[in-house]
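Here the structure is laid out as structure tokens; the discussion comes afterwards.
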Amino acid sequence: MFKTEWYGKTLIQIGQFEPSTKICNHCGYPNSNLKLHHREWICPDCGSIHDRDVNAAVNIRDFALDKQNLSSTVGTTGFKASLRKPQKWIQ
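The number in the working numbering is simply the position in the sequence shown, starting from 1, with 36 added.
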């Protein structure tokens, strides 16, 4: 934590058991049937193909951006709702 203060950065954490790998980063579909041994999956709602780890990274990034108010999700609240719409990289 002191390193974030040292470099003037903000640390944002999500819960250890948040379903970041099980939520489609394109449409927000919660895939509750996903097991740990499934490394890739196809969203039954929008057809997006996901690598489990990449999908989780995108979801966590979008959650962090939403928490910093760098993206907007009109009419939604919470972790799952903040992932309903895909976000663009901020440069």
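We put the CB at the ideal spot given by N, CA and C, even for glycine.
Under the DSSP definition of a beta bridge, I78 partners with I85. K58 sits buried, since 16 or more C-beta atoms from the chains shown fall within 10 Å of its C-beta. Judged by DSSP in its simplified three-state form, I59 adopts strand.
Note on geometry: alpha-carbon atoms of H74 and W42 lie some 39 Å from one another. For T40, the enclosing alpha helix (DSSP H) starts and ends at 38–42. Rounded to the nearest whole angstrom, the C-alpha separation of I78 and N91 is 11 Å. The beta carbon of D81 lies closer than 8 Å to those of C60, C63, Y65 in the same chain, with the five residues before and after it left out.
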